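Take a look at the structure set out below.
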Amino acid sequence: MIIAEEADLDKGEGGGLCKGTSRSKTTFRGGVDGCGTGFKYPSRAKALKPVKGLDLKKWERVCFNYWMNRLLAVLLLGGFSAQAQTITETFGSGENQFSIDFVTIGNPNYVGDEARARPIFNEFGSFIRLASFGSVTNIYNLGKFEISRDQINKANAAGSLGITLADMSSYGGNGVNIAATGVSWNEAARFVNYLNTSKGYQAAYNFTTSGSNDSITIWTNEQSGYNPNNPYRNRNAYYFLPNVDEWYKAAYGSPDGTYYTFTNGSNIAPNEVANGTSGAVYGGGDAGVAGLADVTNAGGLSPFGTMAQGGNAWEWNESAIDGGNNYAMEKREVRGGGTDSTSYDLDARHLIGLEPSSEYSLLGFRVAMVPEPSSLSLFLAGGAVLMAGRRSRRILVEK
Ligand SMILES: [Ca+2]
Ligand SMILES: [Ca+2]
Ligand SMILES: [Ca+2]
971 MIIAEEADLD KGEGGGLCKG TSRSKTTFRG GVDGCGTGFK YPSRAKALKP
1021 VKGLDLKKWE RVCFNYWMNR LLAVLLLGGF SAQAQTITET FGSGENQFSI
1071 DFVTIGNPNY VGDEARARPI FNEFGSFIRL ASFGSVTNIY NLGKFEISRD
1121 QINKANAAGS LGITLADMSS YGGNGVNIAA TGVSWNEAAR FVNYLNTSKG
1171 YQAAYNFTTS GSNDSITIWT NEQSGYNPNN PYRNRNAYYF LPNVDEWYKA
1221 AYGSPDGTYY TFTNGSNIAP NEVANGTSGA VYGGGDAGVA GLADVTNAGG
1271 LSPFGTMAQG GNAWEWNESA IDGGNNYAME KREVRGGGTD STSYDLDARH
1321 LIGLEPSSEY SLLGFRVAMV PEPSSLSLFL AGGAVLMAGR RSRRILVEK
């Protein structure tokens, strides 16, 4: 017999199932209506019946997201805004010290952009499904800027990473603050791993060989931090490459839930600029010029506060092009267009797929980060308060 607490399904409560649940106990189900995780929510009638094969890790995530959502409500009621927050993280030391600015992307349980859904094909070119992007259940942080050459150079020096950069001397020069390009997905993943391991965190990506452009090995369920929904990324990592939804939401979404075609919070393409803090850095191909701007001077901000997701350098997403990260060598999504692009490439509906070892002179990336620990503390405090005021009742569930 397993004792669990039943949440009030009609009120959309589910946190009670977090309590009294251990991974050794196997099978029961309940409702978390309101978590908005895309789960098939069981009905109240079935809530007391045991279920074989229930993924308790998945339940924990559902509950975590549920409480993060409740926390945000508490913060908003308290007059806080979690959306404009910028966090600066510092890496390396001495002359190799560098920092990365992150913007907190709030609004958990964000729904996908149905209006700009596109077909997904498998490795063999067969249609799988129509997919929309931008749905993210949890709060996260995304790099405000593209990663610069300076950040790569310093990480290379501090961590002996061996990441190679494109020679931009024919395209405006190799200024240290321009976007880092010529970086493959594999190299970007090694940079992210350095961010993690240099601070004592779990590496995000599983490299078992030492070549800087060698491919990953996907995590397996015997390994700690394995996530069956994303075998590329270790769930215990602190820094990671943004997946297509995390990237897309910050680029084309907005705090009020509206999606736009371009990263300037508009369905009309931004002005073409070479640099500055308005418009977007693209269109250089028209004039035969495709130099990169400094990452902190590469156009206006998106509604969530990121710079140059549209234009300047094209950017790697973590995600495989078919949406299933189950094969290390498969093509990854590349989005946002670059300095040589027309507005077509900056459009939310357009992307390309490239091999993870590919290097191009206008292809770079930005990194993402879990919610900052102070947010987590607030979340726990908020959760405790809400938990105390919540109604639940004890039930018996037969095994
Ligand atoms: Ca390279
Ligand atoms: Ca960009
Ligand atoms: Ca796949």
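Per our numbering, the very first residue in the sequence shown carries number 971; after that it's consecutive. Glycine included, every Cβ here is placed at the ideal spot set by N, Cα and C. All figures in this text were calculated on a predicted structure; none of them were measured in a lab.
Identity of the residue in the options nearest residue i by Cα
{"i": "Arg-1086", "options": "Phe-1094, Asp-1071, Gly-1095 and Gly-1104", "result": "Gly-1104"}
{"i": "Pro-1078", "options": "Arg-1088, Thr-1276, Thr-1312 and Gly-1223", "result": "Gly-1223"}
{"i": "Ser-1236", "options": "Trp-1217, Ile-1188 and Ser-1313", "result": "Ser-1313"}
{"i": "Ala-1220", "options": "Phe-1177, Thr-1187 and Phe-1274", "result": "Phe-1274"}
{"i": "Glu-1059", "options": "Gly-1306, Pro-1198, Ser-1331 and Lys-1169", "result": "Lys-1169"}
{"i": "Glu-1065", "options": "Pro-1198, Arg-1203, Asn-1123 and Met-1339", "result": "Asn-1123"}
{"i": "Ile-1238", "options": "Tyr-1202, Gly-1280 and Asn-1199", "result": "Gly-1280"}
{"i": "Ser-1370", "options": "Ser-1194, Pro-1225 and Arg-1160", "result": "What is shown of the chain runs 971 to 1369, which leaves residue 1370 out entirely."}
{"i": "Ala-1125", "options": "Asn-1197, Ser-1139, Glu-1093 and Phe-1061", "result": "Phe-1061"}
{"i": "Glu-1093", "options": "Asn-1296, Trp-1189, Val-1304 and Arg-1305", "result": "Asn-1296"}
{"i": "Met-1339", "options": "Gly-1249, Arg-1203 and Ser-1096", "result": "Arg-1203"}
Check whether residue i and residue j have beta carbons under 8 Å apart
{"i": "Ser-1182", "j": "Glu-1157", "result": "yes"}
{"i": "Arg-1336", "j": "Pro-1240", "result": "no"}
{"i": "Gly-1145", "j": "Asp-1317", "result": "no"}
{"i": "Asp-1292", "j": "Ile-1098", "result": "yes"}
{"i": "Lys-1301", "j": "Leu-1324", "result": "yes"}
{"i": "Asn-1166", "j": "Tyr-1229", "result": "no"}
{"i": "Glu-1116", "j": "Ala-1283", "result": "yes"}
{"i": "Asn-1245", "j": "Asn-1267", "result": "yes"}
{"i": "Gly-1334", "j": "Ala-1149", "result": "yes"}
{"i": "Ser-1272", "j": "Thr-1233", "result": "yes"}
Residue i versus residue j - alpha carbon distance
{"i": "Thr-1134", "j": "Gly-1294", "result": "28 Å"}
{"i": "Pro-1341", "j": "Asn-1111", "result": "6 Å"}
{"i": "Gly-1132", "j": "Tyr-1252", "result": "29 Å"}
{"i": "Tyr-1141", "j": "Asp-1184", "result": "28 Å"}
{"i": "Asn-1108", "j": "Glu-1329", "result": "31 Å"}
{"i": "Lys-1114", "j": "Asp-1071", "result": "6 Å"}
{"i": "Ala-1127", "j": "Gly-1261", "result": "25 Å"}
{"i": "Arg-1088", "j": "Ala-1290", "result": "15 Å"}
{"i": "Ala-1174", "j": "Asp-1215", "result": "18 Å"}
{"i": "Val-1243", "j": "Ala-1278", "result": "11 Å"}
{"i": "Gly-1004", "j": "Ile-1075", "result": "With a pLDDT of only 30 at Gly-1004, under 50, the local geometry of the prediction cannot be trusted, and no value is derived from it."}
{"i": "Thr-1247", "j": "Asn-1147", "result": "15 Å"}
{"i": "Gln-1121", "j": "Thr-1187", "result": "25 Å"}
{"i": "Gly-1308", "j": "Asp-1137", "result": "16 Å"}
{"i": "Arg-1319", "j": "Glu-1285", "result": "15 Å"}
{"i": "Phe-1177", "j": "Ser-1311", "result": "33 Å"}
{"i": "Ala-1298", "j": "Thr-1151", "result": "22 Å"}
{"i": "Ser-1069", "j": "Tyr-1164", "result": "13 Å"}
{"i": "Ser-1130", "j": "Ser-1327", "result": "19 Å"}
{"i": "Ser-1194", "j": "Gly-1254", "result": "46 Å"}
{"i": "Gly-1143", "j": "Gln-1067", "result": "23 Å"}
{"i": "Val-1081", "j": "Val-1106", "result": "7 Å"}
{"i": "Val-1304", "j": "Leu-1332", "result": "11 Å"}
{"i": "Phe-1091", "j": "Ser-1063", "result": "45 Å"}
{"i": "Tyr-1226", "j": "Thr-1276", "result": "First, the amino acid is wrong: residue 1226 is Asp here, not Tyr. Going from the Cα of Asp-1226 to the Cα of Thr-1276 covers about 16 Å."}
{"i": "Thr-1056", "j": "Val-1073", "result": "5 Å"}
{"i": "Asn-1197", "j": "Gln-1172", "result": "14 Å"}
{"i": "Trp-1189", "j": "Phe-1210", "result": "14 Å"}
{"i": "Val-1153", "j": "Leu-1100", "result": "30 Å"}
{"i": "Gly-1306", "j": "Val-1162", "result": "20 Å"}
Segment limits, alpha helix (DSSP H) that includes residue i
{"i": "Trp-1286", "result": "Segment 1284-1290 is the beta strand (DSSP E) holding Trp-1286; no alpha helix (DSSP H) there."}
{"i": "Thr-1167", "result": "1155-1167"}
{"i": "Ser-1313", "result": "1313-1316"}
{"i": "Gly-1307", "result": "Neither: Gly-1307 is in no alpha helix (DSSP H) and is coded neither H nor E."}
{"i": "Val-1214", "result": "1214-1222"}
{"i": "Ile-1122", "result": "1119-1129"}
Run of the beta strand (DSSP E) containing residue i, from where it starts to where it stops
{"i": "Asn-1111", "result": "1110-1113"}
{"i": "Arg-1205", "result": "Arg-1205 -> no beta strand (DSSP E), and no H or E assigned at all."}
{"i": "Ile-1322", "result": "1321-1324"}
{"i": "Ser-1105", "result": "Taken as a continuous stretch (DSSP letters only), Ser-1105 belongs to no beta strand (DSSP E), as it is neither H nor E."}
{"i": "Ser-1331", "result": "That residue, Ser-1331, is in no beta strand (DSSP E); it is neither H nor E in DSSP."}
{"i": "Leu-1100", "result": "1097-1101"}
{"i": "Arg-1088", "result": "1088-1091"}
{"i": "Val-1073", "result": "1068-1075"}
{"i": "Ile-1057", "result": "1056-1061"}
heavy atom of ligand 5 below 7 Å from residue i C-beta
{"i": "Ala-1207", "result": "In the structure shown, ligand 5 is absent; the only ligands present are ligand 1, ligand 2 and ligand 3."}
* Please write down, chain order preserved, every residue whose beta carbon lies under 7 Å from a heavy atom of ligand 1. => Near ligand 1, meaning a Cβ closer than 7 Å to any of its heavy atoms, lie the following residues in chain order: Ile-1133, Thr-1134, Leu-1135, Gly-1152, Val-1153, Ser-1154, Glu-1157, Asn-1183 and Glu-1329.
* Output the residues surrounding ligand 2, defined as those with a CB atom closer than 6 Å to any ligand heavy atom, in chain order. => Ordered along the chain, the selected set is Glu-1116, Ala-1278, Gln-1279, Gly-1281, Asn-1282, Ala-1283, Glu-1285 and Gly-1306.
* Beta carbon nearer than 6 Å to a non-hydrogen atom of ligand 3 -> With the cut-off at 6 Å, the residues found are Ala-1290, Asp-1292, Gly-1294, Asn-1296, Tyr-1297 and Glu-1300.
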